[in-house]
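Chain order of the listed sequences is A and B. Counting in my numbering, the first sequence runs from 299 upward without gaps. Counting in my numbering, the second sequence runs from 793 upward without gaps. Using N, Cα and C, we set each Cβ at its ideal position, and we do this for glycine too.
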Amino acid sequence: MTPILSISGLAKRFGGVTATDSLSLDILPGEIHAIIGPNGAGKTTLIGQLSGEIAPDAGTIRFKDADITRLPVHRRALRGLARSFQITSVLRGFTACENVMLAVQAHAGHSFRFWQPAATQAALRDPALAMLARVGLAGRADVPAADLAHGEQRQLEIAMALAGRPDLLLLDEPMAGMGPEESARMTGLLAGLKASHSILLVEHDMDAVFRLADRITVLVYGRAIATGTPDAIRADAAVRQAYLGGEA
Amino acid sequence: MLDILRRIVLWGGLALLCLLPMLAEALGEGFYITMMNRVLILALAAMSLNLILGYGGMVSFGHAAYLGIGAYTVGILAYHSDAWFGTESAFIALPAAMLVAAILALAIGAISLRTSGVYFIMITLAFAQMVYFFFVSQQEYGGMDGMQMWSRSDAGPIDLSDNASFYYVVLGLLLVLLYAKYRLVRSRFGLVLRGIRENERRMKALGFPTYRYKLVAFVISGAVAGLAGAMMANLSEFVSPSLLHWTRSGEMMVMVILGGMGTIAGPILGALAFLVLEDVLSEITQHWMIVLGPLLILIVLVARRGLYGLLDPKGEPK
């Protein structure tokens, strides 16, 4: 199978710190590929480079058979690479529905339309409502994002990422700050996306990772020390040594 | 309750604005028409600044540049009215002022919008100062002293030299542009602009080339400020670098903040309050800023959305 995302020889240094160290990695279509690793392993730096916010020092990133290493953030998003943020990043002054409508609008051609009111346009509102229903926020469409519970804001993030019908989702700790109940709901939501999307999942919640992931890559000091199925990773001696501390 | 009060204030205010020349005439206080002309023109300028400051989150500290260049465009075209390119026609001079201001905004915005935060504030201020000193050095156009115009622009059947007619032209322009802005901030473009104010990084990740949208808003804002400048030149029949001084940019920001950032009617309330306060207080003391300063702080602390926010505390424009 041709990988949907192919990273090769990626490197990034911040001063003396190597955040990404000649990293090579393939994400296959339809898989959930989890990236785990201790704090400071370079997980968020990797997401930053994939989404285009951080320019790598070396290496290439290929997405759907095209080199996107130097593309700006918005161009990658329009090609079908959507992301969520580690720290919830929704438009707090907008309603849940408006947040998703903007995500729909981003993929509906240019927005140099100055006259017709946007709020009532069915072409934006209908897909947005459908997406909210899909992540379980059907009844919350007209609530300002700032008034949503933390878990609901995380769900909203997923709805915004999904609205552009992306081929690959980059999810940066979607369970961060969630209680067990919310976390279980998010796990169910992500499991349901598996059929239609490839997902690169950075997550600290090991229960969720081992339940969801098809493959796991373990990152330590910017290097991939192991890649494999959850069972293989659980059994890997180097991983136990470096990260799981032998208890998993 | 507050809803009704707001309607009374806004519609009553509009009715007053429409009847003002007649009222002033009846009271025998023609001075008020000139005063209100200034208010409405500066309201137009503040409204244009509000588009980028209030809705787009771009703290431009150089808005006087567009006001000034609009005024100078009218002044210079009139000064050369004997030459092939000179004109005193309002139908050419006003669009020309908007065009020149838009081009200046395009050039300044294209560079400034690559920065953000404090750097953006400083670089817009620096560009405006460059334009200021450029006109100070133009001896042909009066340099520091500015230049007198022979008359107001010629608007065909409308006699702009009549203060009341002039007033209605300004009021008409203001209302048309207010309605256009009302439509604009609710359009797809407006939604993107407000989204950028809320969270630009998120907007990029959604797929919006945010720089382009900010630049277009910046240019629209500059063009409208240029129109305000053109009307200002016509009102006083005088153009000078004082229109371009950085304190002008500050005054416009004060009007926007006083009236209510990111609200449709706010800049008008702000311009009115600012000029009335200036007028009243400067009769008492020449250090009228001593009173205005604390008042502004109070407004910012108590009513975060300015005077308009007092009428509509929780309403967010949709």
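Sorted by chain position, which residues of the same chain lie with C-beta nearer than 6 angstroms to residue i's C-beta, five sequence neighbours on each side aside?
{"i": "residue 798 of chain B", "result": "1103 and 1104"}
{"i": "residue 459 of chain A", "result": "380, 382 and 467"}
{"i": "residue 1022 of chain B", "result": "862, 866, 886 and 889"}
{"i": "residue 992 of chain B", "result": "1002"}
{"i": "residue 304 of chain A", "result": "324 and 360"}
{"i": "residue 1063 of chain B", "result": "831, 834, 835, 838 and 1047"}
{"i": "residue 1024 of chain B", "result": "833 and 863"}
{"i": "residue 429 of chain A", "result": "398, 457, 460 and 461"}
{"i": "residue 367 of chain A", "result": "358 and 359"}
{"i": "residue 488 of chain A", "result": "510"}
Relative to the alpha-carbon of residue i, which residue among the options has its alpha-carbon at the smallest distance?
{"i": "residue 923 of chain B", "options": "B:956, B:960, B:965 and B:862", "result": "B:862"}
{"i": "residue 821 of chain B", "options": "B:912, B:888, B:956 and B:894", "result": "B:956"}
{"i": "residue 1098 of chain B", "options": "B:942, B:1047 and B:860", "result": "B:1047"}
{"i": "residue 860 of chain B", "options": "B:1068, B:986, B:1032 and B:829", "result": "B:1032"}
{"i": "residue 340 of chain A", "options": "A:318, A:358, A:351 and A:359", "result": "A:318"}
{"i": "residue 937 of chain B", "options": "B:944, B:948, B:943 and B:925", "result": "B:925"}
{"i": "residue 857 of chain B", "options": "B:1068, B:1037, B:975 and B:871", "result": "B:1037"}
{"i": "residue 248 of chain A", "options": "A:533, A:520 and A:531", "result": "Residue 248 of chain A cannot be examined here, being either before or after the span of chain A that is shown, 299 to 546."}
{"i": "residue 873 of chain B", "options": "B:943, B:972 and B:960", "result": "B:943"}
{"i": "residue 1176 of chain B", "options": "B:966, B:803, B:884 and B:900", "result": "Residue 1176 of chain B falls outside the range modelled here, since chain B spans only 793 to 1110, and no answer is possible."}
{"i": "residue 1004 of chain B", "options": "B:898, B:1065 and B:974", "result": "B:898"}
{"i": "residue 442 of chain A", "options": "A:488, A:506 and A:395", "result": "A:395"}
{"i": "residue 329 of chain A", "options": "A:518, A:452, A:498 and A:407", "result": "A:498"}
{"i": "residue 409 of chain A", "options": "B:995, B:900 and B:927", "result": "B:995"}
{"i": "residue 1016 of chain B", "options": "B:1039, B:1029 and B:972", "result": "B:972"}
{"i": "residue 386 of chain A", "options": "A:530, A:469 and A:433", "result": "A:469"}
{"i": "residue 481 of chain A", "options": "A:506, A:446, A:299 and A:491", "result": "A:506"}
{"i": "residue 300 of chain A", "options": "A:364, A:355 and A:354", "result": "A:364"}
{"i": "residue 1039 of chain B", "options": "B:915, B:920, B:998 and B:911", "result": "B:920"}
{"i": "residue 1029 of chain B", "options": "B:939, B:801 and B:949", "result": "B:939"}
Are the beta-carbon atoms of residue i and residue j separated by less than 8 angstroms?
{"i": "residue 1169 of chain B", "j": "residue 882 of chain B", "result": "Summary: the structure shown does not reach residue 1169 of chain B, with chain B confined to residues 793 through 1110, and so no result is reported for it."}
{"i": "residue 917 of chain B", "j": "residue 809 of chain B", "result": "no"}
{"i": "residue 308 of chain A", "j": "residue 347 of chain A", "result": "yes"}
{"i": "residue 478 of chain A", "j": "residue 508 of chain A", "result": "no"}
{"i": "residue 1061 of chain B", "j": "residue 1051 of chain B", "result": "yes"}
{"i": "residue 455 of chain A", "j": "residue 388 of chain A", "result": "yes"}
{"i": "residue 851 of chain B", "j": "residue 843 of chain B", "result": "no"}
{"i": "residue 854 of chain B", "j": "residue 1041 of chain B", "result": "yes"}
{"i": "residue 879 of chain B", "j": "residue 891 of chain B", "result": "no"}
{"i": "residue 1019 of chain B", "j": "residue 886 of chain B", "result": "yes"}
{"i": "residue 983 of chain B", "j": "residue 403 of chain A", "result": "yes"}
{"i": "residue 501 of chain A", "j": "residue 471 of chain A", "result": "yes"}
{"i": "residue 827 of chain B", "j": "residue 959 of chain B", "result": "no"}
{"i": "residue 1014 of chain B", "j": "residue 1093 of chain B", "result": "no"}
{"i": "residue 384 of chain A", "j": "residue 418 of chain A", "result": "no"}
{"i": "residue 350 of chain A", "j": "residue 374 of chain A", "result": "yes"}
{"i": "residue 484 of chain A", "j": "residue 513 of chain A", "result": "no"}
{"i": "residue 243 of chain A", "j": "residue 424 of chain A", "result": "Nothing about residue 243 of chain A can be read from this structure; chain A reaches only from 299 to 546."}
I'd like the list of long-range same chain contacts for residue i, defined as Cβ closer than 7 angstroms, with 5 residues on each side in sequence excluded.
{"i": "residue 1080 of chain B", "result": "1070, 1073 and 1074"}
{"i": "residue 848 of chain B", "result": "985, 988, 989, 1006 and 1009"}
{"i": "residue 816 of chain B", "result": "822, 824 and 825"}
{"i": "residue 536 of chain A", "result": "523 and 524"}
{"i": "residue 475 of chain A", "result": "448"}
{"i": "residue 545 of chain A", "result": "Annotation note: pLDDT 48 at residue 545 of chain A (below 50); position unreliable, no value reported."}
CB-CB under 8 angstroms to residue i, same chain, minus the five flanking residues each way: which ones, in chain order?
{"i": "residue 515 of chain A", "result": "323, 331, 332, 333, 334, 522, 524 and 525"}
{"i": "residue 1091 of chain B", "result": "1049, 1050, 1098 and 1099"}
{"i": "residue 902 of chain B", "result": "1007"}
{"i": "residue 302 of chain A", "result": "325, 326, 327, 361, 362, 465, 466 and 496"}
{"i": "residue 946 of chain B", "result": "880, 881, 882 and 952"}
{"i": "residue 352 of chain A", "result": "310, 343 and 346"}
{"i": "residue 1110 of chain B", "result": "Low confidence applies to residue 1110 of chain B: its pLDDT is 37, below 50, so where it sits in the model is not reliable, and the reading given next is rough at best. Excluding residues within five positions, the ones whose Cβ falls inside 8 angstroms are 978."}
{"i": "residue 369 of chain A", "result": "350 and 377"}
Can you list, in chain order, the stretches of the beta strand (DSSP E) that have 3 or more residues and sit fully within the stretch 343-410 of chain A? 356-361 and 379-382
Members of the stretch 399-424 of chain A that neighbour chain B once the beta carbon cut-off is set at 7 angstroms: Per Cβ criterion, the list reads 400, 401, 403, 404, 405, 409, 410, 411, 412, 413, 414, 415, 416 and 417.
For the stretch 1029-1106 of chain B, which segments carrying the alpha helix (DSSP H) assignment without a break, of at least 4 residues, lie completely within its bounds, in sequence order? 1038-1051, 1058-1076, 1081-1094 and 1098-1103
My parser needs the beta strand (DSSP E) runs of 3 or more residues fully inside the stretch 435-483 of chain A; what are they? 466-470
Residues from the stretch 988-1003 of chain B in contact with chain A, defined by Cβ distance under 8 angstroms: 990, 991, 993, 994, 995, 996, 997, 998, 999, 1000, 1001 and 1002
Scan the stretch 1003-1028 of chain B for residues whose Cβ lies nearer than 8 angstroms to a Cβ of chain A and list them as they occur along the chain. 1005 and 1008
Of the residues that make up the stretch 958-984 of chain B, which ones have a beta carbon closer than 9 angstroms to any beta carbon in chain A? 972, 975, 976, 978, 979, 980, 981, 982, 983 and 984
Within the stretch 485-529 of chain A, note down every full alpha helix (DSSP H) run reaching 4 residues or more, in order along the chain. Here the runs fully enclosed are 504-510.
What residues in the stretch 453-484 of chain A bring their beta carbon closer than 7 angstroms to a beta carbon of chain B? 458 and 462
Where are the alpha helix (DSSP H) runs, 4 residues long or more, that stay fully inside the stretch 849-903 of chain B, in chain order? 856-871
To be precise: take each residue of the stretch 331-349 of chain A, compare its Cβ to all Cβ atoms of chain B, and keep it if any distance is under 7 angstroms. Which residues remain? 349
Just list the beta strand (DSSP E) runs in the stretch 913-994 of chain B, keeping only unbroken ones of 3 residues or longer that don't cross its boundaries, in chain order. none
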